[in-house]
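Report on the structure given below.
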């Protein structure tokens, strides 16, 4: 009688019995079984398996027996499991083909899918107040059909509405349907919480019960835990990416008791499979009924970033879908062009499970861009010219250095400050910038000491910096006031003013107040709840309490919409971060605008300064990024936002031409 393999469903293990001493004397085979965690008791070898890896473990056992020429037979229970597995694989293959045909909008000859699409549209007409435009509708149908999917639409495409469309349909299904959901759990940045709550009301015409598991210090830890175990838990739960690890066990328990769609918003933040955020988020996904990934930048650093996203939506099948290991994807990033065979194969493998709406697909109304040259006042000109002359000499001597050199990066920041408002030079870089810009690489206070030796040691000159505000108002401030009074306010317009530097935001707000213009701040110093109140009031067309907000792109470049109340943006200064710049533009230029609504941008550029160089290089960088954005999974690593070496080279050239 040959060895027989049976299955013990209660203990999640395979049982091998009927073997002789020959098998037990085969040390190499037993060593291989040891890797599978085998146990030997009463002449029965037990090999454990997890439910999601059951067939994979069985196939490994069969492979090893065949390798060592050991004949075996499978029990009827094993045969049934294999039949069921192969049937499931066939069904998944058919499902993937159908999901891909929906994604590509090529399903109109499939009667079954047409019926499902008609049913989907009818449900949304009955339930949703908001009407989705065609690409949103297709994306929502794909998301509902696939149940687990990624949406890589560009900012401003209305990803939240798409999710609510899919959620509404899945919730409408009968309770006994395996795709039915009752709850929505969103994992995202704190800035996304209010939009998710507000958009629910916009989409369905009613408010829903919601609970923020992060970002509300007024609620105790014990109170937050009550949420997970309440039989009447709110429909919408919101949690910060970094909070999932702390609540992981409780979230898993919540998902086991509630049929939940789990959404990861701005999902590029969980791209690292070794990171705490990524590990905790992918672990809880195993208990979700529906899993959704939202990000406009799926592979910001490389094709390996896609790994964790697919591990989240298909925790038990992601390797089968990707067909590339993590290190293969890293190698692909380092050694493949975007049109290589490997990259195309990856796109083909994952295509049934993601959909992307590109910028061109949105058919947004036109924009108007205005570049305004600003001539510095005498004191500012003197300060800027002196600092620039010192730094240019340093750059020439150290021509091989890049801005990844700490000192060079600091000098470029200082030049940007001097080109807008020299009073910032008396502050440390740490005091001038949001935490996002200076992180971990160096001590900002040490940089301040190093990069200002040239003029700190000149007490007379440094006094001009310290006392600058007593001599002049920055010319850009005057230009903003003029633009408000002559361009924006006469049309009853509102405006968002973007600035990199915290002190600029504070001083500009004070300057506008002195000129009887009220403004609100959207910067890191302002608590999240206060920012949300400001955004809600700013978007309200009936609110005339204030018409100006001053914002920092590091604080509000993601997840918020300002297009309902504002169609003008002023850039007091810009840095070289193309991604943040484009995202800031998208805050007011997105789906939902009237066809005849022109969105206006005003860029203030100080004459004969680093502003002109940044303007020139940023324009070229944007052209390249827009080409990349048109790819289905755009590899943004091709645009290095951290390396401003070309800025230094052009700054030296620009300086030579004008001196």
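Numbering (my numbering), first residue to last: 52 to 710. For each residue, glycine too, the CB sits at the ideal point set by N, CA and C.
query                                                                                                                                                                                        : result
Which first and last residues belong to the alpha helix (DSSP H) in which residue 318 is found?                                                                                              : Note, residue 318: premise wrong, no alpha helix (DSSP H); not H, not E.
Is residue 424 helix, strand or coil when you go by DSSP?                                                                                                                                    : strand
Does the Cβ-Cβ distance between residue 612 and residue 574 come in under 7 Å?                                                                                                               : no
Closer than 6 Å: is that where the CB of residue 352 sits relative to any heavy atom of the ligand SAH?                                                                                      : Inclusion of the ligand SAH in the displayed structure is not the case, the ligand content being empty and no account of it being possible.
Might you give, ordered along the chain, the residues of its own chain that have their beta carbon closer than 8 Å to the beta carbon of residue 260, omitting 5 neighbours on each side?    : 285, 286 and 287
From residue 233 to residue 341, what distance separates their C-alpha atoms?                                                                                                                : 11 Å
Roughly how many angstroms lie between the CA atoms of residue 705 and residue 472, to the nearest whole one?                                                                                : 21 Å
With 16 as the cutoff for other CB atoms within 10 Å, does residue 672 come out buried or exposed?                                                                                           : buried
Out of 660, 376, 176 and 300, point me to the one whose CA is closest to residue 464's CA.                                                                                                   : 660
Closest to residue 253 by CA distance: which of 181, 88, 220 and 280 is it?                                                                                                                  : 181
Quick one: give me the first and last residue of the alpha helix (DSSP H) that residue 57 is part of.                                                                                        : Per DSSP, residue 57 belongs to no alpha helix (DSSP H); it is in the beta strand (DSSP E), 54 to 59.
With respect to the alpha helix (DSSP H) encompassing residue 561, which residues constitute its N-terminal and C-terminal limits?                                                           : 553 to 565
By how many angstroms is the C-alpha of residue 528 removed from the C-alpha of residue 559?                                                                                                 : 7 Å
What is the rounded straight-line gap between the Cα of residue 54 and the Cα of residue 62?                                                                                                 : 20 Å
Please identify the residue among 640, 278 and 72 whose C-alpha is closest to the C-alpha of residue 546.                                                                                    : 640
Please report the straight-line C-alpha distance between residue 515 and residue 313, rounded to a whole angstrom.                                                                           : 56 Å
Taking only the alpha-carbon atoms, compute the straight-line gap between residue 666 and residue 538 and give it to the nearest angstrom.                                                   : 22 Å
Using DSSP bridges, identify the partner residues of residue 571.                                                                                                                            : 600
If we count the other Cβ atoms within 10 Å of its Cβ and call it buried at 16 or more, is residue 663 buried or exposed?                                                                     : buried
Taking the alpha helix (DSSP H) that residue 307 belongs to, which residues open and close that run?                                                                                         : 299 to 308
By the DSSP assignment, the alpha helix (DSSP H) with residue 147 in it spans what residues?                                                                                                 : 127 to 154
Please work out which residues of its chain come closer than 8 Å, Cβ to Cβ, to residue 329, disregarding the five sequence neighbours upstream and downstream, and give them in chain order. : 321, 322, 323 and 359
Go ahead and pull the three-state DSSP assignment for residue 498.                                                                                                                           : Confidence at residue 498 is low in this model, with a pLDDT of 37, below 50, so the placement of that residue is unreliable and no value is reported for it.
Thinking just about the alpha-carbon of each residue, which of 585, 588, 540 and 531 is nearest to the one in residue 562?                                                                   : 531
What would DSSP say about residue 486, mapped onto helix, strand or coil?                                                                                                                    : Confidence at residue 486 is low in this model, with a pLDDT of 48, below 50, so its placement is unreliable and the value that follows should be read with caution. Three-state DSSP puts residue 486 in coil, outside helix and strand.
For residue 105, which of 215, 678 and 135 has the nearest alpha-carbon?                                                                                                                     : 135
Taking C-beta to C-beta, are residue 642 and residue 216 nearer than 7 Å?                                                                                                                    : no
Run through DSSP, which three-state label would residue 161 get?                                                                                                                             : coil
Report all residues from its chain with a CB closer than 8 Å to the CB of residue 391; omit the five preceding and five following residues, and keep chain order.                            : 383
Of the residues 280, 636 and 315, which one's Cα is nearest the Cα of residue 12?                                                                                                            : No answer is possible for residue 12: it lies beyond the span of the chain, which begins at 52 and ends at 710.
Start and end of the beta strand (DSSP E) containing residue 532?                                                                                                                            : Careful: residue 532 lies outside any beta strand (DSSP E), inside the alpha helix (DSSP H) at 526 to 534.
Rounding to the nearest angstrom, what Cα-Cα distance links residue 591 and residue 683 in this structure?                                                                                   : 35 Å
So what's residue 643 in DSSP terms, helix, strand or just coil?                                                                                                                             : coil
Report all residues from its chain with a CB closer than 6 Å to the CB of residue 198; omit the five preceding and five following residues, and keep chain order.                            : 230 and 341
Grab the span of the alpha helix (DSSP H) containing residue 459 for me, first residue to last.                                                                                              : 457 to 471
Within this structure, are the beta carbons of residue 403 and residue 151 separated by less than 7 Å?                                                                                       : yes
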